[in-house]
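Quick note on my numbering: the sequence shown kicks off at 2 and runs consecutively.
No residue lacks a Cβ here, since even glycine has one placed at the ideal position from N, Cα and C.
Contents: one structure, followed by commentary.
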Amino acid sequence: MIQEEYLQKKKEYKIRLVLVIILFVLFSILSILLIINLNRFIPLGATAMATVVPFNHFLLVPLWEEKKAIEAEHPEWKDRSTSGAEVPSTEASKRNIATVGSVVTLFLSFALLYRPAKVYQKIPTIDELNNLPKIENKGIPKLDNKKIPKIKRDSEK
């Protein structure tokens, strides 16, 4: 393993870590919007788990393990700067496709779940509540201390 490959992996790891953090912040903002507007937010959480967790598991963790193994062999490389390293296009395209897919999925599920709150609902005043029409129960007789006759079953007769 040459030092240039290590710096490429380290740089790609940093980029992917930032993307996971951005996806989490995006998910948090969308969830807060859903909660504020009293919408269902659990399906958005399930969608985030279905997009961010695989991104983390298949793209971030293997790179982190490789980076840690290399740093165990060459501890002096740990402090090297990644400013001059270029990431291979295959790694960048995997990252970009996964990120765009995750963002599109989060926005699509948010669009399906979001229902704006009705801002200008008229709140009735006390006078309006007092002037509501009264409902009379003429069809239901009152018992007024009368005993309810017990109905005997066929088995009791």
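For the segment 125-134 and the segment 44-59, state whether three or more C-beta atom pairs, one from each stretch, are separated by less than 8 Å. no
Close beta carbons around residue 7, own chain, < 6 Å, minus the five adjacent residues each side: 71 and 78
Using the Cα positions of residue 23 and residue 135, report the straight-line distance between them to the nearest angstrom. 57 Å
According to DSSP, simplified to helix, strand and coil, what is residue 48? helix
Thinking residue 35 and residue 42 are a contact (beta carbons under 8 Å), I'd like their distance in whole angstroms, please. 4 Å
How big is the Cα-Cα spacing for residue 28 and residue 76? 36 Å
What span of residues does the alpha helix (DSSP H) with residue 112 cover, start to end? 90-114
Alpha carbon to alpha carbon, what distance is there between residue 81 and residue 90? 22 Å
Which of the three DSSP states, helix, strand or coil, is assigned to residue 39? coil
Would you mind sorting residue 53 into buried or exposed? The rule is 16 or more other CB atoms within 10 Å of its CB. With 16 or more other Cβ atoms within 10 Å, it is buried.
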